[in-house]
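Enquirer:
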Amino acid sequence: MSLDSINESPSAPNTRSVRGRNQFSLAFSRLRRKRLGMIALTVIAIIYLAGIFAPVLDTHGYSETNLLKTQEGPDTENFLGTDRLGRDTYTRLLWGIQTTVIVTVASLLTGALLLGLTLGLVAGYFRGTADTIIARVGEVVSAFPDILLIILLAATVRPRILDWTRSFEDSSGITGLVSSGFVDFIVIGIALLPLSWFGTMRLVRGQVLQLREADYVEAARAMGTSTPRILIRHILPNIISPLIVTVSFGMGAVAGTEIALSFFGLGVQPPRPSLGIMIGEATGRGSTAVSVLTQHPEQLLAPIAVVWLLIFAWNILGDALTDVFNPRSR
Amino acid sequence: MRKSLFLWAVALVSVAAVACGGSSSSSEPTAQSTATAVPTRASAPDIAPELRDGTPTGDTEGSPRAGDRFTQVYSDPPTLDPHLVVDGTSFGIVVELFSGLVSLDENLRIVPELAESWDVLESGTVYEFKLRPDITFSNGDPVTAQDFKWSMERAGRPETASAVAETYLGDIVGMEALINGEAGDVSGIQVIDERTLRITIDAPKAYFLAKLTYPTAYVLNRENVESGGRSWTDSPVGTGAFTLAEYRVGQRIRLARNDNYWSRPAYLDEVFFNLSGGVSMAMYENDEIDITRVGLADLDRVNDPTEPLNQDLVETPAQFGVQYIGFNVDQPPFDDVKFRQALNLAVDKELISSQVFADLLEPAYGILPPEFPGYNPELDGLRYDLDRAKQLLSESKYADESSRPRIIVTVPGSGGSPGLDVEVIADMWSRDLGVNVEIQQVEWATYLQDLNRKRLQAWGGVAWQADYPDPQDFIDILFYSDTQGNRGNYSNATVDSLVEQARTEQDISKRVELYQEAEEIIVNEAAWLPLWFDTDRKALLKQRVQDYRFTQIAIPKFKDVWVTDAR
Amino acid sequence: MLAYMVRRLLWTPVLLVIVSIVVFILGTYGPGDPVEVRLGQNYSPEAAERLREQLGLNDSIAEQWGRYVWDALQGDFGESFVFQGRTVGEILGPRLWVSAQLNFAAFLITLVFGIPLGFYAAKRQGTWSDPAVVLTTLALFALPVFIIAPFLIWLFALQLDWVPVSGWGGFFDKRIILPAVTIGVPGIAVFTRLMRASTLDVLGQEYIRTARSKGLSEVVVNYRHIARNALIPIMTIMGFTFASLFAGSLITELIYGIPGVGRISLDSIFARDFPVITAIVLIGATMLVLANLLIDFAYTVVDPRIRLQ
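Right, here's the structure in full:
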């Protein structure tokens, strides 16, 4: 299944009118009763915190090699052993998670929330020309096979942005923009945009299209309520829930794509680690995958376990949220 | 001789693949595929020559048996047109289908192929070849001197658009004009009679004959090429030991025996190249292919004598290539020789080789690889010496850390690993010398473009591999001031004059001395950081396969291979 | 309604034109040059110039694009920059066919397991088997292909020797099994989830209660009423599956040695083989446009309140 299907599999349309604030406290109390959802939320929180606090939790430098201690198993100095260059796997794992954290959050904030939500609201509510234009642009962007477009962008656009940033650094005296991976994150975030905004936009638009026909919206309109007010007071609260659901599914998809991108050497710059780079290095980009699995499984297991847990947890959470927000399917 | 892109490619392959354990390029799906497209990467079967230690391959000896087939993983050759070949992948198949006047034997000696003999006249500027009697193409047409003249001219014609005609045939009088579209034929290639061809070159160049072993000089069948149009290579007529039985892009290539071969016909009924990739080690274990390289991940296992696979283990001789990190000596801080020397001295290659690459790579302190003509075992180079490195750094223009420009080492990144060695070296430089190093990984096409424009300050992840066995192919092409191959703008008047002398020097030992002298200057001035020479690698070969020769360069190898009954 | 569909259909070629322009712009102004990739170590400005001239890369971008569109309209998508003398159709045709077969096989696996599992989970809501089904399918969904593929090869090819390690023999060859499972199994979760949600929706409807109260047998209610109605929204997602039928699966193809379109997509980007890239993108775009159309259409059928204009 393409990543699309994850984005495009929203919960069933929710046509009820529930007041926003009530809905949330209600939703959260319902979520607290979902044991699985809470476990997933906890797992996600732990992984994200581990990534955010990587600089505190790490025991080595992520690029620090030690050729006298390569490919060793776990011990008290290297909690998860060392890789072929004697770098600490535990440290690299934490920083790799941080890469995932930054990329997922940045891409979803900009793509799903800002672009997707705004455009979806506008397109769905105003319809007409605005809808047409947004839909057309969206179709063009999403007409590109997703992963291919991402790779194409990462391959063609990134090197030049890096060049510009470097010359900016040299002329301005500001340092560290490139080496900290900051620029990489921006570019990857941009590359992932097509993946994240259109799905959300469609979803929001679809919801709005239905809601604007709903009795209470028609009633509000008849009573002369202003458009922004209708959008914010009556429509937005009812969109939030399916949106949260999509976002939580989307987070898993974006994480997966970032990892694939890094796997092909188009992600963050070495030596900054990412989960995809760790997997790619361990499996020789796939060619020695079988051998590594049978000979040195430990090199694969740590990053794969994190990837697996993360995507698993995001999806369980998404399911739980679907149930929470959409009582009919409970 | 694999000219190539693929050399660069090798970059990826070697670094990546070696890293992942010397998987064979040919059977290295990752490298190729992810790494891509650059056709180049799939280096030819890297399977280089030399008998495998002279030992017969199995216990089942006896006289060669005709029949059966040999299977290996390979990648799609970008072309089967000998005149267009620039990469090892294409090369490996083209040599089985076509041939030329001369070829190389396993010891890199130039031996007669379709020419039975030749005379060098006019103090080295005229070569007169005598063709073998009664040689034919695979369709039965006779091969004449006229065919050779037509073929070489075809290679040079602008509409053929060969990337290498100039490199390999450009020494022939009149060829430049043809390539530039200023002439209709080449005066330097004369047909004396049916079996006699005379080639005149512009100066006595000792390495010219070696260049004729490259496919650019192979003979083609005019009728076949002209009637086949753009896709004539779908049913090529050649003079090699095999003919093309089937080619399905992305799926398979099957070669069948050429019964009109001028010498003893091949034993194998069929050579099968699996083009769709896969995990070759697992395929080998499952008896799906007859040969595979052994990667680092499997090294321990196959070295274990109790493991059945251990019985199939063979050594493949090193490739003639050198991996390096190049410096652009025009760009600070690389414009200071002391700084470059410091960087060289600060890298402990012995340690990296043993710890990271399981000794599959040999530290390089010079440019020319071991066993290559002109290799200098005496060359000391800049060996690891951290104290001296620090000393030199403090004497350099860039002693002051705050004003020292940062170093950006660019490596190709599409599908290749960032280069484990580059990561370690960057860490050594920054930790031991306090140099600010960044690694920039860009995708292959961008990398090549920046490299060709000489825009990279320092670059790694590449190897230079020999195209023909002559030191000119390294020293002249890579370090002469005014040459495209010199990507780092290195320039040294003494080196230039040594190289110029060597070009026309007829005495072999004198030439070698000139090149060695130049090499020493280049190495001591730290134009590069030479990293690794290939060493013998490990491969697995089914025991039923007999007389398979691993060669350092692509030469026809399947004509002597046969397999025993035992499956 | 009809007018709407016609307008959408007419928009498709416009969309493809825009898409092709975008690819041309990225190709022309982005870094990397197909000629230099092809020449590699043999690069010299003169050789590159000759080759550019031969490939027509020296013409202006508008000319190149115009020529491309003109030829494409006549069914000629050009010649690959990398595989000399081979047309794009020759290179992509067989690969698209391989990928389509593989994706279809994977899709069958997804469907055969996903739909019944989703239905079952919904019917068992409130018991332990509902979360068990959901969790299991999700756990499989989250497993990265980097681990599934080598594991399956190790188990079924090397240990049990049931199937070959790699290769391709068509739809009815047993070598299709492992890759199809690798691609298909993660997708089960998507269908299970959808089918479950949609079945629950249907279960809550009046007419089901009515049907039951009329004394219809449980089997009839299950199949004629519940399953059939629950399947309607699933059509949406099938549209997208249809769209991705010709898409390659990079890593899976790589590891199993399948001559599909995934590897060539990646390879052609890295080699800047623009005729091939453009063709792949255009095929993908066409499929997606058609799928979108289908979905929009399905929406109107499902919910007549949305009037398309």
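Chains as they are written, first to last, in our numbering: chain W, 12 to 341; chain X, 50 to 616; chain D, 106 to 414. Note that CB positions come from ideal geometry on N, CA and C, so glycine has one too.
For G207(X), go through chain D and note every residue whose CB falls closer than 7 Å to its CB, in chain order.
Expert: Sequence check: residue 207(X) is Pro here, not Gly. Simply R155.
Enquirer: Report the three-state DSSP secondary structure of V375(X) (helix, strand or coil).
Expert: Note that residue 375(X) is Gly in the sequence shown, not Val. In the structure shown, G375(X) sits in a strand (DSSP, three-state: E or B).
Enquirer: What residues in the stretch 135-155 of chain W have a beta carbon less than 8 Å from any beta carbon of chain D?
Expert: R138, R147, E150, V151, S153, A154, F155
Enquirer: Which residues, taken in chain order from the stretch 166-177 of chain W, show a beta carbon closer than 8 Å to some beta carbon of chain D?
Expert: A166, T167, V168, P170, R171
Enquirer: Which word fits T288(X), buried or exposed, when buried means at least 16 other C-beta atoms lie within 10 angstroms of its C-beta?
Expert: Per the 10 Å Cβ criterion, buried.
Enquirer: Give a yes or no on contact between the stretch 396-412 of chain X and the stretch 590-608 of chain X, applying the rule of three or more CB pairs nearer than 8 Å.
Expert: No, because fewer than three Cβ pairs between the stretch 396-412 of chain X and the stretch 590-608 of chain X fall closer than 8 Å, the two stretches do not touch.
Enquirer: Return the chain-ordered list of same chain residues with a C-beta closer than 8 Å to the C-beta of D69(W), the five sequence neighbours on each side being excluded.
Expert: D99, Y101, T102, L105, W106
Enquirer: Could you please tell me which residues of the stretch 243-257 of chain D, in chain order, have their CB closer than 8 Å to any CB of chain W?
Expert: L243, A244, F246, A247, L248, P249, F251, I252, A254, P255, F256
Enquirer: Mind listing which residues of the stretch 124-151 of chain D have their C-beta closer than 8 Å to chain X's C-betas, in chain order?
Expert: Residues passing the 8 Å Cβ filter: P136, G137, D138, P139, E141, V142, R143, L144, G145, Q146, N147, Y148, S149, P150, E151.
Enquirer: Can you give the Cα-Cα distance for T292(X) and V143(X), rounded to whole angstroms?
Expert: Answer to the nearest angstrom: the Cα atoms are 10 Å apart.
Enquirer: Ignore the nearest five residues each way along the sequence and tell me which others in G194(D)'s own chain have a CB closer than 7 Å to its CB.
Expert: F182
Enquirer: Just the C-alpha distance for L246(X) and F197(X), rounded to the nearest angstrom, thanks.
Expert: 8 Å
Enquirer: Quick one: what does DSSP say A123(W) is sitting in, helix, strand or coil?
Expert: helix
Enquirer: Taking only beta-carbon atoms, is Y173(D) less than 8 Å away from chain X?
Expert: no
Enquirer: Hey, how far is the Cα of Y331(X) from the Cα of A448(X)?
Expert: The question names Tyr, but residue 331(X) in the sequence shown is Ala. Approximately 52 Å between the Cα atoms of the pair.
Enquirer: Looking at the structure shown, is N393(X) part of a helix, part of a strand, or coil, going by DSSP?
Expert: helix
Enquirer: Go through its chain and collect everything with a Cβ distance to T133(D)'s Cβ below 6 Å, but skip five positions before and after it.
Expert: I166
Enquirer: Just how far apart, CA to CA, sit E364(X) and F582(X)?
Expert: 16 Å
Enquirer: Just to confirm, is the Cβ distance from M300(D) to A348(D) under 8 Å?
Expert: no
Enquirer: What number of angstroms, rounded off, separates the C-alpha of T89(X) from the C-alpha of T600(X)?
Expert: Residue confidence is low: T89(X) scores 28 on pLDDT, short of 50, so the model does not pin down where it sits. Its coordinate-derived value is still stated next. C-alpha separation (whole angstroms): 19 Å.
Enquirer: Just reading off the alpha helix (DSSP H) that V317(W) is part of, what are its end residues?
Expert: From DSSP, the alpha helix (DSSP H) with V317(W) extends over 308-336.
Enquirer: Taking any Cβ of chain W, which residues in the stretch 365-378 of chain D have a Cβ under 8 Å from it, in chain order?
Expert: The residues in question are S370, L371, I374, F375.
Enquirer: Does the distance from the CB of F607(X) to the CB of A315(X) come in under 8 Å?
Expert: Yes, they are a contact pair.
Enquirer: I'd like to know whether the C-beta atoms of F323(W) and V256(W) end up nearer to each other than 8 Å.
Expert: No; because the gap between Cβ atoms is not below 8 Å, this pair is not in contact.
Enquirer: If you compare alpha carbons, which of D609(X), M477(X), D190(X) is closest to N270(X)?
Expert: D190(X)
Enquirer: On the DSSP letters alone, give me the boundaries of the alpha helix (DSSP H) that W281(X) sits inside.
Expert: Careful: W281(X) lies outside any alpha helix (DSSP H) and carries neither H nor E.
Enquirer: Report the rounded CA-to-CA distance for A603(X) versus S370(D), giving the unit in angstroms.
Expert: So the alpha carbons of these two residues sit roughly 29 Å apart.
Enquirer: Which stretch, first to last residue, makes up the alpha helix (DSSP H) that contains T102(W)?
Expert: 100-118
Enquirer: How many angstroms separate the CA atom of H132(X) from the CA atom of T262(X)?
Expert: 12 Å
Enquirer: Any Cβ of chain X within less than 8 Å of the Cβ of R113(D)?
Expert: The beta carbon of R113(D) sits no closer than 8 Å to any beta carbon of chain X.
Enquirer: So what's W273(D) in DSSP terms, helix, strand or just coil?
Expert: coil
Enquirer: Pick out whichever of E554(X), T128(X), P579(X), G141(X) has its Cα sitting closest to the Cα of F321(X).
Expert: G141(X)
Enquirer: Label D379(X) either buried or exposed according to how many other C-beta atoms from any shown protein chain fall within 10 Å of its C-beta, with 16 as the threshold for buried.
Expert: exposed
Enquirer: Rank E180(W), L321(W), R240(W) by C-alpha distance to the C-alpha of L132(W) and give the top, closest one.
Expert: Considering only alpha carbons, the answer is R240(W).
Enquirer: Does the Cβ of W366(X) have 16 or more other Cβ atoms within 10 Å, making it buried, or fewer, making it exposed?
Expert: Sequence check: residue 366(X) is Pro here, not Trp. Result: buried.
Enquirer: Please classify M212(W) as buried or exposed, where buried requires at least 16 other C-beta atoms within 10 Å of its C-beta.
Expert: buried
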